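Numbering (the working numbering), first residue to last: 25 to 111. Ideal placement from N, C-alpha and C gives every residue a C-beta, glycine not left out. Note that the coordinates shown come from a computational prediction; the quantities given were computed from them, not determined experimentally. Here is the structure we will look at, set down as structure tokens.
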């Protein structure tokens, strides 16, 4: 996403369906909300260890929650932009 400030929960729900998730659960929202809050506070996505600590979930559980994983799934649904190195 080019403009993370344009993100909405509805946008995340639409992307989730495109990724094969019928609905976003409390666990999904916990991860998405943490990603967004961390990005807004730090200007970058959290490292996996920060994501694990911030959500209180095991990394394997976070990864398994999104069909496309953390980078292409969770971060995408959270509306985070690609890092400059991926542009």
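{"Check": "Proximity below 8 Å, CB of residue 97 to CB of residue 90", "Outcome": "yes"}
{"Check": "CA-to-CA distance, residue 59 to residue 100, given in whole angstroms", "Outcome": "10 Å"}
{"Check": "Nonlocal neighbours in the same chain, by C-beta distance under 8 Å from residue 51, ignoring five residues either side", "Outcome": "81, 85, 89"}
{"Check": "Nearest candidate by alpha-carbon position, reference residue 92, set 44, 104, 83, 74", "Outcome": "44"}
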